[in-house]
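Before any comments, here is the structure.
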Amino acid sequence: MQATAIRMKTMARMIILLAAAVGMACAACAEEAPPSAASDTIVAAIPPDFPPTYFQDRQSGKPHGFAVDVMNEIARRAGLKVVYVFGQQWDDVERLVLSGKADVAPNLIVDDARSQLFTFTQPVETVPIYLTVRSHESRFYGIVPGIKIGVIKESVGEHYLKSIPAITVITYSNLHSLIFELLSGQIDAALTATPNLMKLANEAGVGDKIKTVGEPVIDGKRAIAVRKGNLVLAARLNKVIAGFVGSPEYQALYRKWWGTPEPYWNARRVAGAIAATLMLAILSMGGWRYYSIKRLNARLTESMAGLEKAQRRLQEQAALLEEEIAERHLAEVNLAVKQEQLEEVNHSLEDRIATTLKEIREKDQMLIQQGRFAAMGEMISNISHQWRQPLNNVGLIIQNLQEMSENGELDPAVLDHEVRVAMDVIQFMSNTIDDFRYFFRPDKEKDEFIVNKVMAKTINFMLPALRNYGIAITLDEEPDVCILGYPNEYSQMLINIINNAKDALLERKVPDPRIRIRIFHDNELGVVTIADNAGGIGADVLPKVFDPYFTTKEPGKGTGIGLYMSKVIVEKNMGGRLVARNVPDGAEFRIEMPSCGPLWVAPPDGALQPVS
Ligand SMILES: Nc1ncnc2c1ncn2[C@@H]1O[C@H](COP(=O)(O)OP(=O)(O)O)[C@@H](O)[C@H]1O
Ligand SMILES: [Mg+2]
């Protein structure tokens, strides 16, 4: 099907060409002499603008290019001469050959379509045809649907793309237009002889703006197209082509036309670029320096501001601190003043306390004194009881002496006896007085003493008075109960308590008045209890009996000092304890003192024995 279509197309093209040959002559044909029929001159048709393969020199109008030189050399080697005619497009060139106006078209890329129209010689050149796009292109990596491809009119590229669907093909008459349409974005890609396209682009200084993608689309081979049927010419040319292509002469021509263009980076450009780069570097360094100095400045200003702020804050804090210090100093001064005042107060307080204590002590002394006086009063009444009998006796002795003297019965022996008896009685009375004196002499020093002894003496003093009132006194005692204290004061305390019992018993007219005294050890205490059967102390009275001046007795009879003084003697002066309580038939006073004598324990047999 495709082959038939191509043949049809070829036929049509031949008809057109024939018509053209008959009716028209191209501009180029008019200029050149008609091709000679001479067998050693051949006519070659070339396009005027496809460098560096072929092109027409603008000034001389002469043909130039790699293909022209190659054609000339091959012709020379084959003993031929070449004249050139220009066809505007590829199809013009083809038409010139097909019409017989030219014999050959040099360096035409061989493809199926052309092979139908011409007889080709051996290839004289290979040429890859890549898809070429703009260098920054990223959408197209090959011939894909939707792509817009530019080609040279009637070129191999156009032939190739005809069978590919869904693409747009735009034709151009020369490479210049193709390049610039590609660069301007009118088309997405170009498909043409890549070396020609690249060389032109490089020469135009836009070589870096385009790039090829992928593998070559067509691996083109250029050969000399000979008019179909002219096998003699083809053979004549082929004969020399094999020897020429690849020869040093061929290579020289190749280098001449395809040789690498002057490198873009020549000395001048490099120097310029270096200068520009240096300039740029200097400028950017300057700029950077300026910028960094500016930035540093800004930072400096900022930190200066921060510093100033910090300084201000510091000053404020310092001021606050100074204020605080001043306040503290003031507080310290105030404190010192207060302390001084306090010390003064303390001093005066101490003084006052001392004074008060002194007063209290004096008062106590006074009370003790008063108590002594009270006790003395009681003692004097006791003495009067003690002395009643001896005084009577002395009186009786004196009356007897008087009667005996009146009766003349007084002999010296009787007188002597009576006087001795009287003197004994007087001696007893004198002793009694001494004993009382001893009693009322205040103790100087604390002393260890045996409670039993002091108790015996005290009872002895009081016994006559108690007996007088019919009061029985009993004494239960552990021997040798020793305590530390003032024995006279202790005795005075005992007199007070025994007298109170006597007072209660008399006041309440108890029928069988009794006082029971016990002396014993209780752990490490020497204890004395004095109990009576006078009925006890009223519950409202009991808490107050040790208060000074508390008495329930009639005025003139009670002072309320006795028990107060006793408590002071026992607890304050001697470090003991004096308490009162009620027992079933009366009151009991208990006097506890720390024991100083040997410790006493109760062994199993019940008899107390000292512990060493
Ligand atoms: N054995 C006792 N029985 C009852 N009451 C007592 C006894 N001993 C003391 N009192 C009460 O304690 C009071 C205070 O006694 P005291 O201080 O010796 O002062 P005074 O004997 O001058 O009244 C007494 O007035 C009395 O009411
Ligand atoms: Mg009393």
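Note that my numbering gives residue 587 to position 20 of the sequence shown, counting from 1, and the numbers run on in steps of one. Idealized CB from N, CA, C, for every residue including glycine.
Taking the CA atoms as reference points, T922 sits about 36 angstroms from R1148.
Boundaries of the beta strand (DSSP E) harbouring D1014: D1014 to I1017, taken from the DSSP string. Burial state of E890 is exposed, judged by a 10 Å Cβ sphere holding fewer than 16 other Cβ atoms. Collapsing the DSSP output to three states places S682 in a helix.
At a cut-off of 8 angstroms, the beta-carbon of N1067 counts as near ligand 2: some heavy atom of the ligand is closer than that. Taking one beta carbon from each stretch, the region 753-764 and the region 632-651 have fewer than 3 pairs nearer than 8 angstroms; the two do not touch. A contact is defined here as three or more CB-CB pairs under 8 angstroms, and the region 983-995 meets this definition with respect to the region 947-964.
A Cβ-Cβ contact shorter than 9 angstroms links V1112 with L1130. Counted as a single uninterrupted DSSP element, the beta strand (DSSP E) harbouring D1099 occupies residues L1092 to D1099. Nearest C-alpha to E1056 among M943, R662 and M871: M943.
For F995, the secondary structure class from DSSP, reduced to helix, strand or coil, is helix. Every alpha helix (DSSP H) of 4 residues or more that sits fully in the region 1090-1157 is shown, in chain order, as 1129-1134. With a beta-carbon spacing of about 16 angstroms, A790 and L665 fall beyond the 8 angstroms limit used to define contacts. Here the alpha carbons of G646 and D607 stand approximately 7 angstroms from one another. According to DSSP, G787 shares a beta bridge with V694. Closest in C-alpha terms to T738, from the list V718, G709 and S730, comes V718.
Contact between G1143 and P1115 is ruled out by a C-beta separation of about 19 angstroms, above the 8 angstroms threshold. Taking every protein chain shown into account, the CB of K648 has fewer than 16 other CB atoms within 10 angstroms, so this residue is exposed. With respect to the C-alpha of P630, the residue from F653, R928, V1021 and D775 having the closest C-alpha is F653. Proximity of the region 1037-1046 to the region 1068-1087 meets the contact definition, three or more beta-carbon pairs being nearer than 8 angstroms.
A direct Cα-Cα distance of roughly 28 angstroms separates A843 from L767. Within the region 807-893, the complete alpha helix (DSSP H) segments at least 4 residues long are 815-825, listed from N- to C-terminus. For V807, same chain residues with a beta-carbon under 6 angstroms away, outside a window of 5 residues either side, are I641, R644 and A645 in chain order.
Burial is judged here by how many other beta carbons sit within 10 angstroms of a residue's own beta carbon; F940 has fewer than 16 and is exposed. Between A611 and Q689, the gap from beta carbon to beta carbon reaches 9 angstroms or more. Exclusion of V1095 from the 8 angstroms shell around ligand 1 follows from its C-beta lying no nearer than that to any non-hydrogen atom of the ligand.
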